[in-house]
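This report refers to the structure that appears directly beneath it.
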Amino acid sequence: MTDSKNTIIAIVLSAVVLIGWQYFFGLPQLKKQQEAAQQQQSQQMARQPGQGSAQPGQQGSAPGQPGSAAPQAPNAPAGAPAAPQTTPAATQAMTREAALAASPRVPIRTPSISGSIALKGGRIDDIALIKFRETVDPKSPPIVLLSPSGSPEPFYAEFGWTGAAGSHAKLPDANTLWTQQGSGALGVGHPVTLTWDNGQGLQFRRTIAIDDKYMFTITDEVVNKSAETVSLYPYGLVSRHGTPKTVGTYILHEGLIGYLGADGLQEITYSKIKDKKTLAFDVTNGWLGITDKYWAAALVPATDAHLKARYSAADVNGQESYQTDYLLDARTVAPGATASASTRLFAGAKEVAQVNAYEKNLALNHFDLLIDWGWFYFITKPMFMVIDWFYHLVGNFGIAILIVTVLIKAAFFPLANKSYASMAKMKAVQPQMKALRERYADDKARQQQELMELYRKEKINPIAGCLPIAIQIPVFYALYKVLYVTIEMRHAPFFGWIHDLSAPDPTNVFTLFGLLHWDPTALPMIGHFLHLGIWPLIMGVTMWAQMKLNPTPPDPTQAMIFNWMPVIFTFMLGSFPAGLVIYWAWNNTLSVTQQSIIMKKHGAKIELLDNIKALFGKKKTQQ
Numbered sequence: 007m008t009d010s011k012n013t014i015i016a017i018v019l020s021a022v023v024l025i026g027w028q029y030f031f032g033l034p035q036l037k038k039q040q041e042a043a044q045q046q047q048s049q050q051m052a053r054q055p056g057q058g059s060a061q062p063g064q065q066g067s068a069p070g071q072p073g074s075a076a077p078q079a080p081n082a083p084a085g086a087p088a089a090p091q092t093t094p095a096a097t098q099a100m101t102r103e104a105a106l107a108a109s110p111r112v113p114i115r116t117p118s119i120s121g122s123i124a125l126k127g128g129r130i131d132d133i134a135l136i137k138f139r140e141t142v143d144p145k146s147p148p149i150v151l152l153s154p155s156g157s158p159e160p161f162y163a164e165f166g167w168t169g170a171a172g173s174h175a176k177l178p179d180a181n182t183l184w185t186q187q188g189s190g191a192l193g194v195g196h197p198v199t200l201t202w203d204n205g206q207g208l209q210f211r212r213t214i215a216i217d218d219k220y221m222f223t224i225t226d227e228v229v230n231k232s233a234e235t236v237s238l239y240p241y242g243l244v245s246r247h248g249t250p251k252t253v254g255t256y257i258l259h260e261g262l263i264g265y266l267g268a269d270g271l272q273e274i275t276y277s278k279i280k281d282k283k284t285l286a287f288d289v290t291n292g293w294l295g296i297t298d299k300y301w302a303a304a305l306v307p308a309t310d311a312h313l314k315a316r317y318s319a320a321d322v323n324g325q326e327s328y329q330t331d332y333l334l335d336a337r338t339v340a341p342g343a344t345a346s347a348s349t350r351l352f353a354g355a356k357e358v359a360q361v362n363a364y365e366k367n368l369a370l371n372h373f374d375l376l377i378d379w380g381w382f383y384f385i386t387k388p389m390f391m392v393i394d395w396f397y398h399l400v401g402n403f404g405i406a407i408l409i410v411t412v413l414i415k416a417a418f419f420p421l422a423n424k425s426y427a428s429m430a431k432m433k434a435v436q437p438q439m440k441a442l443r444e445r446y447a448d449d450k451a452r453q454q455q456e457l458m459e460l461y462r463k464e465k466i467n468p469i470a471g472c473l474p475i476a477i478q479i480p481v482f483y484a485l486y487k488v489l490y491v492t493i494e495m496r497h498a499p500f501f502g503w504i505h506d507l508s509a510p511d512p513t514n515v516f517t518l519f520g521l522l523h524w525d526p527t528a529l530p531m532i533g534h535f536l537h538l539g540i541w542p543l544i545m546g547v548t549m550w551a552q553m554k555l556n557p558t559p560p561d562p563t564q565a566m567i568f569n570w571m572p573v574i575f576t577f578m579l580g581s582f583p584a585g586l587v588i589y590w591a592w593n594n595t596l597s598v599t600q601q602s603i604i605m606k607k608h609g610a611k612i613e614l615l616d617n618i619k620a621l622f623g624k625k626k627t628q629q
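One gets my numbering by counting positions in the sequence shown from 1 and adding 6 to each.
Listed below in structure tokens is the structure:
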């Protein structure tokens, strides 16, 4: 009766694990796949990167104008405005091509970026990352990061000046048509200059430069040729209209992000800022922006600049608008004087080496946290750096992961040695354990008491078999994080059918590896567990072999859990990144080899073949 009860408990626990995994990981993963398919379809219809200089045209519905009515930032000094709040267009969105054609443009051409700057509004609102493609197919469209207002997915950066309360000075806004001085595209070593005269004695000049990667430098100047002193506040903003598709998992942040001086890292999701509406910060030495999984647009003002920074969300005509912005201290411009403000904009891929370089070379405040290394930053980032170092040595991230796995096994060798030695001792006392179970077959409490005394006397750790797996958990999480968040792993191939280590194994046993044309993962509830490729099967076999190498646990419940664990993990890891599954399979193989050597050294018999024979023998008897 007790054994039956334990069996039921083990089955219930296994079901809880499966259902819990499905709820927290399976459903978000399925939702992500469905949204990705929809997004890809919409991108094929609407999203094309800008083609140099577009033809002038009439702009569609414009967002809210800079300098228009905007909520005042909390803690702002009397008379100081907030940065302008852009709002979604009220009319139906145009295609991206039509939105680009709504303004004359200055092309952007660098080794990393193509796109354009809108002369109407002076916005940086057309960025395509030409080194990164939407799929593993090198002929697929490049990643589009920024898009103009009026397009299906507006996402742009804006810079300028806003006046103090009560000021009547005419300032450039989203409808201002700037004039390019000279001609030619914005490129590395080829800045562009835009000018505009307000007709009231204020002349505005904007110079935009870019490096060979993803950092823009924007310098705004205003010359006061009027007879009155004016007070202007420089601002910068990144605005995104509409709630973007996100991966929806706890392991990764997507949304509003910044490192704001003493307030530290501020990661706010889209849903959270919708509830709070506005978050304000009064800081020095900060940066802020909006991040996706692999890409980001971030405002990077001078490190000594005093910022009135803000995260905000607005709902206009049923469409959400998200914004990060800052307001600098006022520039007082006397008649005949000139004032200026300089800032930077990061708009590109979150490549680890490049983000680190910007942090170091520009002395930025924890800019590396633009990449979500997580709570175990001290493990995750060093692990990536080691893997990346071996990648540059061997030229394959998969091989680099295998090498790092060997190093990790070597580092944990002393602990594993003690664990396997304890299992060897357990094997040696198997006859005594069997005698105790037979002697106290009708008294389970006494049986457990005597077994514990035997363990104590022989210095045996009864859970030693779990330790080799337990010590892998922090490493497993760190590697999962590395594969999940670093763009270097995106579309990184291994060998054979694995073309992307950050994506699940594309094969599936339930489609007979492509012979059956149906999608088992689309089935409700259980579909997530029906993505079972070749590498997850290999991983499951290696884990099963590792379990069978150990002595059979004396407790039937423990034995059942150990028997089912490889099966459960095989299905659970089926939809994990292929790189992680390859790591686990390789780690299991090394563990089996290591454990066999250590147990043989201690004179213990290798249990693998005996346990396999016992397993099939038991099945034969039951038949």
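Yeah, the Cβ is synthetic: ideal placement off N, Cα and C, and Gly gets one too.
- The beta-carbon distance between Gly354 and Ser581, rounded to whole angstroms, is 29 Å. This is too long to meet the 8 Å contact definition.
- A residue is called buried when at least 16 other Cβ atoms come within 10 angstroms of its Cβ; Gln453 meets this threshold and is buried.
- The segment 474-494 makes no contact with the segment 333-342: fewer than 3 CB pairs, one atom from each, lie closer than 8 Å.
- Between Asp448 and Tyr426, the alpha-carbon positions lie close to 32 Å from each other.
- With a cut-off of 8 Å on Cβ pairs, the segment 489-497 is in contact with the segment 356-368, counting three or more such pairs.
- For Asn423, the secondary structure class from DSSP, reduced to helix, strand or coil, is helix.
- Taking C-beta atoms as the reference points, Thr284 and Tyr317 count as a pair closer than 9 Å.
- Cα atoms of Ser245 and Asp310: separation of roughly 24 Å, rounded to the nearest angstrom.
- In the structure shown, Trp503 adopts coil according to DSSP, grouped into three states.
- Taking all protein chains in view, the Cβ of Gln206 is surrounded by fewer than 16 other Cβ atoms within 10 Å, so the residue is classified as exposed.
- Contact annotation: Pro90 and Gly188 have beta-carbon atoms that are not nearer than 9 Å.
- Gln436: member of the alpha helix (DSSP H) spanning 436-445, first to last residue.
- When Cβ pairs closer than 8 Å are counted between the two stretches, the segment 172-185 is seen to touch the segment 196-205, the count reaching three or more.
- When the five nearest sequence neighbours on each side are left out, the beta carbons in the same chain lying within less than 7 Å of the beta carbon of Arg211 are those of Thr199, Thr201, Glu227, in order along the chain.
- With respect to Arg111, Val150 sits apart: the two C-beta atoms are not nearer than 9 Å.
- If you draw a straight line from the Cα of Phe390 to the Cα of Leu408, it is about 13 Å long.
- Per DSSP, the continuous beta strand (DSSP E) segment holding Gln187 begins and ends at 185-187.
- Within the same chain, Cβ atoms closer than 7 Å to the Cβ of Thr116 are found at Gly193, Val194, Ile216, Asp218, the five residues on either side in sequence being excluded.
- Lys282 and Ile393 have their alpha carbons spaced roughly 40 Å apart.
- Within the model, the alpha-carbon separation for Ala434 versus Gly520 is close to 48 Å.
- For the set Arg445, Tyr483, Ala430, the Cα lying nearest the Cα of Ile466 is the one of Ala430.
- For Leu135, the closest C-alpha among the options Leu586, Ile114, Ala124, Leu125 is that of Ile114.
- Proximity to Ala416 across Glu464, Gln272, Gln600, Asn371 peaks at Gln600, based on C-alpha coordinates.
- The closest CA to that of Leu106, considering only Val598, Arg129, Leu208, is found on Arg129.
- Per DSSP, Glu273 lies in no alpha helix (DSSP H); the unbroken beta strand (DSSP E) holding it starts and ends at 271-275.
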